[in-house]
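Once you know that position 275 of the sequence shown is 274 in numbering that gives the first Met the number 0, the rest is easy, because the numbers rise by one and skip nothing. In this text, a Cβ means the ideal position worked out from N, Cα and C, and glycines have one as well.
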Amino acid sequence: MDTSIDQSTEQFPPMKLPTGVTEDYIDCQESCGLTWHILKAGEPEKPLVLFCHGYPELAYSWRKVLPSIAKAGYYCVAMDQRGYGRTTGWPKRSFHETDLNDFVFTNLVRDLVCLVYRLGYTEVFSIIGHDFGAVSSAMAALMRPDIFKSTVQLSHPHHSAPVPRLGDQPARKKLDIQVELAKLKPPRKHYKWYNSTPEAASDWDNPPQGLNEFLRGYFHLKSAEWDKNNPHPLEQWSAEAIAVMPEYYIMQKDQSMPDAVTHNMAGQDYAKTERWLSQDELKVYCDEWRRTGFQGALNWYRAQTATTPQSTRDMLLYAGKKIEVPCTFISGKQDWGNFQQPGAIEGYRDPKTVKAGCFKGTTLVDGAGHWVQQEQPEVVIDALLSFFKSL
0 MDTSIDQSTE QFPPMKLPTG VTEDYIDCQE SCGLTWHILK AGEPEKPLVL
50 FCHGYPELAY SWRKVLPSIA KAGYYCVAMD QRGYGRTTGW PKRSFHETDL
100 NDFVFTNLVR DLVCLVYRLG YTEVFSIIGH DFGAVSSAMA ALMRPDIFKS
150 TVQLSHPHHS APVPRLGDQP ARKKLDIQVE LAKLKPPRKH YKWYNSTPEA
200 ASDWDNPPQG LNEFLRGYFH LKSAEWDKNN PHPLEQWSAE AIAVMPEYYI
250 MQKDQSMPDA VTHNMAGQDY AKTERWLSQD ELKVYCDEWR RTGFQGALNW
300 YRAQTATTPQ STRDMLLYAG KKIEVPCTFI SGKQDWGNFQ QPGAIEGYRD
350 PKTVKAGCFK GTTLVDGAGH WVQQEQPEVV IDALLSFFKS L
């Protein structure tokens, strides 16, 4: 028996949830090895809608959306994904002992398929994802359109799977973005590669300003409350082009993420985000992260970065594959995440990326940054229901 795998049956304190939302645990140990923690709303016989969270979040991030979507006639399930929150069964090994194959998207989509079946369904009306969860929702629809009948991405647009060299085409020179960023003056680094380093989890686990202030600042800086968020499309994937993004994306080379938050929150009103993230709500995140630590969630970054090529190799199975189910993109107007991958939003209208006629449009929400379903939940709910009615 692998003693690094946590299948603990410890009793977690109940979460304070909106009326109509309850939590549950779904045993999928015999299939994907996980015991899922889920939030659910609505009646199980209704069409199933799945909600996938991002980083550093939880199923709890969908608490404001679930009741209204359920009321419209759907069975809504949000899960703590592998490596997060109260979902158990994933190996909690040290940085150097982690098998990153557990965190590549072929395995993460397998997780979702197992959950769907265990819930008693063979198809999903719509899979909705935010941030890293948006990648989950896009990949699920790309890989298994027979199960996931429509898909929504929030705050992280889909981009095509990689393709191998075709015929006698010249080999493509791969840009090492970290090397190029380090050449800038002052030197910079990309947050995804920073989050993939051995020291990142310790930085996130032990911020000098304390976890509450750190996460409050991190949520603030990526929200519409920070008046320096004025995102715009980037010309290309190059160090010079992407260096215009804020330090929570393109960090100073010697910074930790807590350093970047402290530096950029100087003079800011930490209380502004309490409008949509109360102290009690923030405490839910802090309590969960103190208990689990961040390494499991950070493994998602590690599995996607250039130093861990297994994900790319797996995705070559889907070379030339496009999304062939209805899809839409929703995000905050003040979210740099819309543009951090140059050309991704425009790719929805490329028939090589999404089948012609399947993309149903983009909704950009004013007064929202990266946490759009928390900052402006009513607008997101309206956009989702409008998309559902179009299907």
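Residues bridged to residue i (per DSSP)
i	result
E440	The shown model of the chain, from 0 to 390, leaves out residue 440, and the question about it has no answer.
A77	L38, F50
G331	V364
G342	G342 pairs with nothing; no bridge assigned.
C27	L33
Q152	G128, F328
V115	In DSSP, V115 forms no bridge with anything.
I241	Its beta-bridge partners do not exist; DSSP assigns none.
V353	I322
Inter-residue spacing [alpha-carbon to alpha-carbon] between residue i and residue j
i	j	result
I126	L47	9 Å
Q303	H262	28 Å
E96	R85	22 Å
F338	V103	23 Å
Y317	M142	8 Å
A137	A343	13 Å
W225	A133	23 Å
Y54	E44	31 Å
D79	H36	6 Å
C51	W288	18 Å
The alpha helix (DSSP H) enclosing residue i, as first and last residue numbers
i	result
L281	278–291
I176	176–181
W203	199–204
Y300	294–303
M256	256–263
T392	Because the chain spans 0 through 390 in this model, residue 392 falls outside it and cannot be assessed.
8 Å CB neighbourhood of residue i in its chain, flanking five on each side removed
i	result
C285	L210, N211, L214
Y393	Past the edges of the chain, shown from 0 to 390, lies residue 393, and the structure says nothing about it.
Residue range of the unbroken beta strand (DSSP E) whose run includes residue i
i	result
M142	Taken as a continuous stretch (DSSP letters only), M142 belongs to no beta strand (DSSP E), being part of the alpha helix (DSSP H) at 131–142.
G360	358–364
Q251	249–251
R187	187–189
Beta-carbon proximity list for residue i, same chain, < 6 Å, skipping 5 on both sides
i	result
A140	F147, T150, I322, V324
F131	G53, Y54, W299
C75	A40, G41, V48, L65, I68, A69
Cβ neighbours of residue i in the same chain (closer than 7 Å, five flanking residues each side left out)
i	result
T391	Here the chain covers residues 0 to 390 and nothing more, so residue 391 does not appear.
contact_flag[the stretch 248–256, the stretch 358–368] where n(CB pairs < 8 Å) is 3 or more: no
Do the stretch 84–92 and the stretch 63–73 make contact, defined as three or more Cβ pairs closer than 8 Å? no
Touching or not, the stretch 329–347 and the stretch 148–160, by the rule of three or more beta carbon pairs under 8 Å? yes
At least three beta-carbon pairs within less than 8 Å, the stretch 215–232 to the stretch 174–191: no
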